[in-house]
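A.B. asks:
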Amino acid sequence: MPGIASPIRAVWRLSLFFLWTLVVVPPYAALLGLRLPSRPVARLYWAGTAAIIGLSVRVIRGKVTRRRPLLIVSNHTSYLDIVVLGSLIDAGFVAKSEVGTWPGFGLIARLGRTVFVERKRASTGKGRDDIARRLAEGEPLILFPEGTSNDGNRVLPFKSALLAVAEPPRKRGVPKTADTPHAAPSMVVQPVSLAYTRVDGLPIGYGLRSFYAWYGDMSLAGHLFAVLALGNATAEVIFHEPVDLATLGSRKAVARHCHQVVSAGVGEMLSGHAPPPPALPDPAPDETPDKAALARS
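With the first letter of the sequence shown counted as 1, position 278 gets the number 278 in UniProt numbering; the numbers rise by one all the way through.
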């Protein structure tokens, strides 16, 4: 086990976390009710939470783009990802509806203006429309396109269906109106790599990363207590270059590119070696017309 697990440390951190939440949530909720800027408070909350649980967050390179509308896509290891990314980015999250029912976490997620998406096909339309509306209003959103968490050693394939919101409304059959002009800004998608690399200053090996990963049938309460009992951990983040549909042509191409870039970034941080960043792929033949062929026709 990484570090020396201490139940006393876990109880102390959990107590501080609840106290911190009780201090920050009331003024944050008041700002939301008054429709005043609240994102900086949310970021402060997550940064304070990271400090309380002994989680140091390092940005290896890159930064959040200023372009909008912006969808940020990241690999997903555990609920700790929310603490890490929430402390760095003034943005909301997209989460499965079950998160809203978790004790404590559900309330925090709702106060954080999380968009909950139902797994049932009949309910996905509303979630997608909520995401599109929030993005159109200029609010960045963070999405985990793997659709589930992993063991921290790999990046699962990105589900292009979860990136459907990145397509312009006219491609989804929405009629052109004054509210959805033909020249609407193209959706910007920024890939982000996230990895848990050290505990108490020592590298976390392959077999130990699962201590910081929450996946499969692990219980939330048991896993949380075990994490809080460990030493001080380090999470590393890489912000990659943003892309848009105008460049790649479809959400499937965006999913492929983002998965390649994020996987390379995670591999770099886990191994400590920096490979050359993947180049932007050319659009698939069926996604972009052949200009030479059009000229000959």
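We put the CB at the ideal spot given by N, CA and C, even for glycine.
1) So Thr77 and Tyr206 are supposed to be a Cβ contact under 8 Å. How far apart are they, rounded?
2) Taking only beta-carbon atoms, is Val84 less than 7 Å away from chain B?
3) For Pro191, collect the residues of the same chain with a Cβ closer than 7 Å to its Cβ; drop the 5 residues on either side in sequence, then sort them by chain order.
4) Within its chain, find whatever has a CB closer than 6 Å to the CB of Pro83; leave out the 5 residues flanking it on each side and keep chain order.
5) For Glu61, which residues from the same chain have a beta carbon less than 8 Å from its beta carbon, with the 5 sequence-adjacent residues on both sides left out?
6) Could you spell out the range, first to last residue, of the alpha helix (DSSP H) harbouring Glu268?
7) Taking all protein chains shown into account, do 16 or more other C-beta atoms lie within 10 angstroms of the C-beta of Glu146, making it buried, or fewer, making it exposed?
8) How many whole angstroms separate the CB atoms of residue 384 and Arg251, which I take to be in contact at a CB cut-off of 8 Å?
9) Roughly how many whole angstroms lie between the Cα atoms of Ala264 and Leu34?
10) Is the number of C-beta pairs between the segment 34–44 and the segment 84–93 that are closer than 8 Å three or more?
11) Less than 8 Å between the CB atoms is what I'm expecting for Ala161 and Val266, so what's the real figure, rounded?
12) Rounded to a whole number of angstroms, what is the C-alpha to C-alpha distance between Ile108 and Val99?
13) My understanding is that Val155 touches Val189, with C-beta atoms under 8 Å, so please give their C-beta distance in whole angstroms.
14) So who's on the other strand from Lys96, going by DSSP bridges?
15) Quickly, what does DSSP pair Ala235 with across the bridge? List them, please.
16) Using the Cα positions of Thr234 and Asp130, report the straight-line distance between them to the nearest angstrom.
17) Output the distance between the C-alpha atoms of Phe116 and Leu55, rounded to the nearest integer angstrom.
18) What whole-angstrom Cβ distance do Asn153 and Arg209 have, given they're in contact under 8 Å?
19) Could you spell out the range, first to last residue, of the beta strand (DSSP E) harbouring Val73?
20) Rounding to the nearest angstrom, what Cα-Cα distance links Ile204 and Asn150 in this structure?
21) Which stretch, first to last residue, makes up the beta strand (DSSP E) that contains Ile142?
22) For Val189, does the three-state DSSP call read helix, strand or coil?
23) Could you compute how far the alpha carbon of Val57 sits from the alpha carbon of Val64?
24) List the residues that DSSP assigns as beta-bridge partners of Gly244.
25) Where does Pro26 sit, in a helix, a strand or coil, going by DSSP?
26) I'd like to check one pair, Leu71 with Leu141: are the Cβ atoms closer than 7 Å?
27) Pro69: which of Asn232, Pro185, Leu36, Ser193 sits nearest, CA to CA?
28) Kindly indicate which three-state DSSP category Leu36 falls into: helix, strand or coil?
29) Could you check which residue in Val227, Leu202, Gly86 has the C-alpha nearest to that of Gly272?
30) Please name the residue in Asn232, Leu220, Leu228 whose C-alpha comes closest to that of Trp12.
C.D. replies: Let me lay it out:
1) Incorrect: roughly 14 Å between the Cβ atoms, too far for contact.
2) Absent here is chain B; the protein component of the structure consists of one chain.
3) Val73, His240, Cys258, Val261, Val262
4) The sequence given here has Val at residue 83, not Pro. Answer for Val83: Trp46, Thr49, Ala50, listed in chain order.
5) Here residue 61 is Arg; the residue named in the question, Glu, does not match the sequence. Excluding residues within five positions, the ones whose Cβ falls inside 8 Å are Ile238, Phe239.
6) 251–271
7) buried
8) For residue 384 there is no data in the structure shown, the boundaries of the chain being 1 and 297.
9) 43 Å
10) yes
11) No, Ala161 and Val266 are not in contact; Cβ-Cβ is about 22 Å, not under 8 Å.
12) 10 Å
13) That belief does not hold up - the Cβ atoms of Val155 and Val189 are roughly 16 Å apart, past 8 Å.
14) Val117
15) Val57, Tyr196
16) 34 Å
17) 26 Å
18) 6 Å
19) 70–74
20) 16 Å
21) 141–143
22) strand
23) 15 Å
24) One point to set straight first is that residue 244 is Asp, not Gly, in the sequence displayed. DSSP, once it has assigned bridges, lists Val188 as partnering Asp244.
25) helix
26) yes
27) Pro185
28) coil
29) Leu202
30) Leu228
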